[in-house]
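Visitor: Residue numbers (UniProt numbering): 1 to 82.
Cβ coordinates follow ideal geometry from the N, Cα and C atoms, glycine included.
Being a predicted model, the structure only gives us computed values, none of them experimental.
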């Protein structure tokens, strides 16, 4: 059976965002979940603006708009020292 989706580096960036969100929120993974909206509307979670912004960028639905690996590393580094 051929792949129905094209996977690339930007898929890995999204997966990092999902993994971070699941660890932080204790949320359950699921299919067709809009994690970016969950980050935007999250209440009760203590997270800095820079971390929230980094997660939103990692979870961008459009792969072309997601950060590169180097940009993602920088976003997360800045969020860790905020």
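Kindly indicate which residue of 80, 64, 59 has the alpha-carbon position closest to the one of residue 16.
Guide: Taking the chain shown and counting its residues from 1, the one referred to as residue 16 is at position 16. The residue with the shortest Cα to Cα distance from residue 16 is 59.
Visitor: By alpha-carbon positions, which one of 18, 79, 64 ends up nearest to residue 30?
Guide: The count along the chain shown starts at 1 and reaches residue 30 at position 30. Here the closest residue by C-alpha is 18.
Visitor: Given a cut-off of 7 Å, decide if residue 48 and residue 27 are closer than it, judged by their beta-carbon atoms.
Guide: Counting from one through the chain shown, the residue named residue 27 turns up at place 27. Counting from one through the chain shown, the residue named residue 48 turns up at place 48. It is not a contact, given that the beta carbons lie outside the stated cut-off.
Visitor: Under DSSP, the alpha helix (DSSP H) around residue 81 begins and ends at which residues?
Guide: The residue labelled residue 81 in the question sits at position 81 within the chain shown. Where residue 81 is concerned, the enclosing alpha helix (DSSP H) stretches over 69-81.
Visitor: By a C-beta neighbour count over all protein chains shown, 10 Å radius and 16 as the cutoff for buried, is residue 66 buried or exposed?
Guide: Stepping through the chain shown from its first residue, residue 66 is reached at position 66. Looking at its Cβ environment, which holds 16 or more other Cβ atoms inside 10 Å, residue 66 is buried.
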